[in-house]
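For reference, the structure discussed in these notes is given below.
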Amino acid sequence: MSRKLVSLVLVGLLLNIVGAIPAYAGSKEETWARFAEKVKEGIGRLGTGPEARVEVKLRDGKKLKGYISEAGENSFVIVEAKSGAASTVPYPQVKQVRGNNLSKGAKIAITVGIVVGLLFLLTVVIGRT
């Protein structure tokens, strides 16, 4: 019994060692550069114009809320909703971005859901009469 237990534990340890993936630590600058690239991709997906609404937290603690009027290679421009002031934000200075618009797929899914709900309501109302 004890030999089986010892052999099972050894097999489990060997499988754990074989399945381990080494993790490499990157510098803070590399991490920020990767995050800046993700921010740039996200801003690109949101697009520009009044419907591209975002809330941005910067590394220095500032918060900006408005819409993206321009998106360039190294920075993007946010026009604040209340004041109308434009602020140029370099991608590496961004700590967090939250977009407030829906993707095309989400809009289509919501529309289909509403149509199906209305059809269901119509069939229930017609079925009662």
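Per this note's numbering, residue -15 is the first one in the sequence shown, and the count goes up by one each step.
Quick reminder that beta carbons are idealized off the backbone N, C-alpha and C, glycines included.
Computed from a predicted structure; not experimentally measured.
Original post:
To the nearest whole angstrom, what separates the beta carbons of residue 75 and residue 24, a pair I think is in contact under 8 Å?
Top reply: Sequence index remark: in the sequence shown, residue 75 carries index 91 (1-based). Sequence index remark: in the sequence shown, residue 24 carries index 40 (1-based). Right, the Cβ-Cβ distance comes to about 5 Å (below 8 Å), so this counts as a contact.
Original post:
Hey, quick one: how far does the beta strand (DSSP E) through residue 64 stretch, first residue to last?
Top reply: Within the sequence shown, numbered from 1, the residue matching residue 64 stands at position 80. Start and end: 59 to 64.
Subject >> residue 30, buried or exposed, once every other Cβ within 10 Å from all chains shown has been counted against 16 >> reply: Translated into positions along the sequence shown, residue 30 becomes position 46. Buried, by the Cβ-count rule.
Subject >> Delimiting residues of the alpha helix (DSSP H) encompassing residue 46 >> reply: Translated into the one-based positions of the sequence shown, residue 46 becomes position 62. Residue 46 -> no alpha helix (DSSP H), and no H or E assigned at all.
Original post:
Cβ of residue 82 within 8 Å of Cβ of residue 38?
Top reply: The residue you call residue 82 lines up with position 98 of the sequence shown. The residue you call residue 38 lines up with position 54 of the sequence shown. A contact, by the Cβ cut-off of 8 Å.
**OP:** Can you say whether residue 104 is buried or exposed, counting buried as having 16 or more other CB atoms within 10 angstroms of its CB?
**Re:** As a first step, residue 104 must be located in the sequence shown, where it is residue number 120. Residue 104 comes out exposed.
Original post:
Taking contact to mean at least 3 C-beta pairs separated by less than 8 Å, is the stretch 62 to 80 in contact with the stretch 16 to 23?
Top reply: Proximity of the stretch 62 to 80 to the stretch 16 to 23 meets the contact definition, three or more beta-carbon pairs being nearer than 8 Å.
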